[in-house]
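One structure is given here, and the rest of the page talks about it.
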Amino acid sequence: MTVAVIGAGPAGLAAAECLAQAGLAVHVFDAMPSAGRKFLLAGRGGLNLTHSEPLDDVLRRFRPAEPLLAQAVRDFGPEALRGWAAGLGIETFVGSSGRVFPREMKAAPLLRAWMHRLRAAGVVFHMRHRWCGFEARTSEAAPPVLRFLTPAGEQTHEARAVVLALGGASWPRLGSDGAWVPLLEAQGVAVAPLAPSNCGFDVAGGWSEHFASRHAGQPLKTVAIEVDGRMRRGEFVATATGIEGSLVYAASAALRERIAREGEALLHIDLLPARTPAQVLAEVAHPRGSRSLSSHLKSRLGLDGIKLSLLYECLPREDMQAPGRLAAAIKSLPLRLARPRPLEEAISTAGGVRFDALDDGLMLRACPGVFCAGEMLDWEAPTGGYLLTASFATGRRAAGGVRDWLSLRTASGSTG
1 MTVAVIGAGP AGLAAAECLA QAGLAVHVFD AMPSAGRKFL LAGRGGLNLT
51 HSEPLDDVLR RFRPAEPLLA QAVRDFGPEA LRGWAAGLGI ETFVGSSGRV
101 FPREMKAAPL LRAWMHRLRA AGVVFHMRHR WCGFEARTSE AAPPVLRFLT
151 PAGEQTHEAR AVVLALGGAS WPRLGSDGAW VPLLEAQGVA VAPLAPSNCG
201 FDVAGGWSEH FASRHAGQPL KTVAIEVDGR MRRGEFVATA TGIEGSLVYA
251 ASAALRERIA REGEALLHID LLPARTPAQV LAEVAHPRGS RSLSSHLKSR
301 LGLDGIKLSL LYECLPREDM QAPGRLAAAI KSLPLRLARP RPLEEAISTA
351 GGVRFDALDD GLMLRACPGV FCAGEMLDWE APTGGYLLTA SFATGRRAAG
401 GVRDWLSLRT ASGSTG
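Following this line, the structure appears as structure tokens:
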């Protein structure tokens, strides 16, 4: 019998590689026609493979702070991941933000080299195989029997052990659709509800038609946002219904949780983070003569375009005419958010298989011989290479769990 890996994304392929290196016969199953579909999409704009910051800082990016996840990343962290890529002939470099990219800024060459090495190691791939659950076991010691929907109809596959690396529920058209949740819950596995992470948000009440028609898709550059007392600097984008982009993604977990608790979330935007409140007030209050307020703000503070329009959108007319209130709003413009964008639009997923449902080797306590890895576990992280780092790390951790579990069964004389 073989070891089955279900899911041909980074976590599943990392598990398959480690298992094959251990001399095990490995079969990989995936519902998509080819491997690594979401991985390739992530690499279109330059594959952010990992991050160069110190490991302890990397670990602080993950929510919740699970010791088991932290240990997996310590065992195979950013430096190990860069070394692994180098072993495939993929040179990496550190960008100005500290993010790590392949020199070619593409995912396809890395995936091609990886797939070649996996096939050379004997890994067998079964594409267009959608996992649809387990057959009932005759005993707890019996090996798992997997059910798949395929173009040829339903098929089964018996395995010595199974690694599930099925992703979350973002980007369902690429295979991560969360269909595994009820299948595992039916086995008594505790799963935290899936929720959007690294996502956009709709503003409460929506934008005015004037603002949306003129500014949807435009970036607000060199700004800062404050959420729950924490300031973050960067940029984000106005959408037809709200906001999205790297600065918003970094705060998405806090914003999502505030909305869940209170029905909405309030963030504050500093439109001119390089200027002090006193400097802004002095310029706003400077006599403007016959100039319009818009001309005055542009000439004195460089405020125009979408930043100026956002002030008019969010502030009452009387506040725009009051220098003190206007200056305060430029430094801390309140924006109410009503809801995160739908899960299928998110970059990644929060929630998943709870860590207390797993042992130290990432095996499901309710399903002996079945291990979990990747984004289907209950963790989240911002963009910046952290998502891929943890996916690789947990895939390898699950493979180690399989090896240890099979060794114990062999030593005890268990069959399968």
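In the UniProt record's numbering, the protein residues as written are 1 to 416.
Note that CB positions come from ideal geometry on N, CA and C, so glycine has one too.
Rounded C-alpha distance that separates residue i from residue j
i: I90; j: P10; result: 16 Å
i: E185; j: A327; result: 53 Å
i: A141; j: R128; result: 29 Å
i: G43; j: R409; result: 40 Å
i: C314; j: G175; result: 39 Å
i: G178; j: F62; result: 21 Å
i: P273; j: P144; result: 57 Å
i: A65; j: L111; result: 30 Å
i: L68; j: L267; result: 33 Å
i: A147; j: Y386; result: Going by the sequence as given, residue 147 is Arg instead of Ala. C-alpha separation (whole angstroms): 32 Å.
i: V280; j: P323; result: 10 Å
i: G87; j: A159; result: 30 Å
i: A251; j: V227; result: 7 Å
i: W131; j: W114; result: 24 Å
i: G384; j: S139; result: 45 Å
i: R74; j: S97; result: 22 Å
i: L81; j: P102; result: 11 Å
i: R99; j: A20; result: 30 Å
i: E135; j: A35; result: 26 Å
i: F211; j: N48; result: 33 Å
i: C199; j: E345; result: 7 Å
i: L301; j: S290; result: 17 Å
i: F236; j: A254; result: 16 Å
i: H157; j: G133; result: 11 Å
i: S208; j: K331; result: 22 Å
i: A282; j: D360; result: 59 Å
Residues bridged to residue i [DSSP beta-bridge criterion]
i: H116; result: In DSSP, H116 forms no bridge with anything.
i: Q155; result: F148
i: S348; result: S197
i: P109; result: In DSSP, P109 forms no bridge with anything.
i: P340; result: F201
i: R358; result: It is worth fixing the name first, because residue 358 is Leu in this sequence and not Arg. Partner(s): L364.
i: L164; result: I6, C372
i: P102; result: T92
i: F134; result: L146
i: T50; result: V100
i: H126; result: F29
i: V191; result: V353
i: R409; result: According to DSSP, R409 bridges with nothing at all.
i: R397; result: Note: R397 sits in no beta bridge, so no partner.
Sequence-distant residues of the same chain with beta carbon closer than 6 Å to residue i, five excluded per side
i: Q218; result: A238, I306
i: R354; result: A190, A192, D378
i: L70; result: The sequence as given places Ala at residue 70; Leu does not occur at that position. Here the set comprises L59.
i: V284; result: P323, L326, A327
i: C18; result: R396, A399
i: E79; result: none
i: G77; result: L55
i: D304; result: K298
i: M231; result: A224
i: R275; result: none
i: T92; result: R82, A85, V100, P102
Residues near residue i by beta carbon distance below 8 Å, same chain, minus five either side
i: D319; result: R325, L326, A329
i: K38; result: G9, G167, W171, L174, G175, S176
i: V203; result: T241, G242, I243, L335, R336, L337, A338
Test item: CB-CB of residue i and residue j under 7 Å
i: T349; j: A169; result: yes
i: R365; j: A373; result: no
i: I259; j: I225; result: no
i: E264; j: R336; result: yes
i: M105; j: G46; result: yes
i: V28; j: V163; result: no
i: G369; j: A72; result: no
i: P316; j: R256; result: no
i: L40; j: A107; result: yes
i: S246; j: G234; result: yes
i: S309; j: H215; result: yes
i: A25; j: T2; result: yes
i: G7; j: A121; result: no
i: L343; j: G401; result: no
Proximal residues to residue i (C-beta, below 7 Å), its chain only, five neighbours per side dropped
i: H296; result: R288
i: A22; result: R403
i: G351; result: A192, P193, L194, A195, D378
i: T150; result: R128, H129
i: P382; result: R61, N198, Y249, A250
i: P33; result: M127, R128
Continuous beta strand (DSSP E) assignments of at least 3 residues falling wholly in the segment 368-392: 370-372
Length at least 4, wholly inside the UniProt domain "RsdA/BaiN/AoA(So)-like insert" (196-348): the alpha helix (DSSP H) runs in chain order: 209-215, 246-250, 252-262, 277-285, 293-301, 305-314, 317-320, 323-331
Runs of alpha helix (DSSP H) lying entirely within the segment 5-46, each at least 4 residues, in chain order: 10-21, 37-42
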